[in-house]
Amino acid sequence: MLIDSQNNQYILTKPRDSTIPRADHHFIKDIVTIGMLSLPCGWLCTTIGLPTMFGYIICGVLLGPSGLNSIKSIVQVETLGEFGVFFTLFLVGLEFSPEKLRKVWRISLQGPCYMTLLMIAFGLWWGHLLRIRPTQSVFISTCLSLSSTPLVSRFLVGSARGDKEGR
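Here the working numbering is used: the first residue of the sequence shown is 21, the next is one more, and so on.
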C-alpha cells in the first residue's frame, strides 16, 4: 500500500485470488451520497430558474472539504468528475453545427479572448486591493476564466440563448 502526503491510500498489489469480487465500499458510498444530494440540489435550482449545474456545484461545496467533508475517496471522485467535465463539453459540442460556427467564428474567437483579458484586468485590480502579487492574480484570474467555460456554455445552451447571442 502506498500513502501520499494527503493520506490517500493506493493499493499496489493484486489480491492472491482474483476470482473473489472486491468492492471499494468508500467509493460506492461516496457515489451514492453524491447522487442522493445532487438530485435534490439540481431539482431545486431548476425550479427556481437556475441551471441544474449550479445545483451540482452547491452539492460539491456541501459534500467537499469546505463543507461537511463527507467524501472519503477524493482521488476517485475527482477522476470521475473530470469525466463529467469532458462529457459536458462533449454535449455542448453536439449542439453546434459547422454552418452555425462558420457564421459566428469571429465572435467565437474574439469573445473568449476579450473575456479572459477582462477577467485578468479585474483580477489584477482585486489583487492590488488585496495586496496579492500580480503573477498570482493573473494566474488565479486565468484559471477562473477558463474554469467557467463549461458552465457558461451549458447555461447558454440550456436557456436557449446560444442562438440569440450569435446573431
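Where a beta carbon is used, it is the ideal one built from N, C-alpha and C, also for glycine. The model shown is predicted, which means the values in this text are computed figures rather than measured ones.
Would you call residue i buried or exposed, if buried means 16 or more other Cβ atoms sit within 10 Å of its Cβ?
i    : result
S25  : exposed
F110 : exposed
S58  : buried
Y76  : buried
C133 : exposed
I23  : exposed
P71  : buried
V52  : exposed
D44  : exposed
G87  : exposed
L150 : exposed
G113 : exposed
G147 : buried
Please determine, among the options, the residue with the shortest C-alpha to C-alpha distance to residue i.
i    : options                  : result
G131 : V97, E98, L166 and E119  : L166
L100 : G113, L149, G55 and R151 : G55
K49  : L164, E119, I68 and V97  : V97
V9   : S86, M73 and I160        : With the chain represented from 21 up to 187, any question about residue 9 goes unanswered, as that position is not in the structure.
M135 : G87, L164, G84 and S86   : L164
The alpha helix (DSSP H) that contains residue i, what's its start and end?
i    : result
E115 : Run containing E115: none; DSSP gives neither H nor E here.
L57  : H45 to T67
V81  : T72 to L83
L88  : That residue, L88, is in no alpha helix (DSSP H); it is neither H nor E in DSSP.
R126 : W125 to L149
According to the Cβ coordinates, are residue i and residue j closer than 8 Å?
i    : j    : result
T108 : I140 : no
F47  : S93  : yes
G143 : V124 : no
L137 : S128 : no
N28  : V95  : yes
Whether or not the segment 48-68 and the segment 77-85 are in contact is what I'm after, with contact meaning three or more pairs of Cβ atoms, one per stretch, closer than 8 Å; do they touch?
As far as the Cβ criterion goes, the segment 77-85 touches the segment 48-68, which means the pair count is three or higher.
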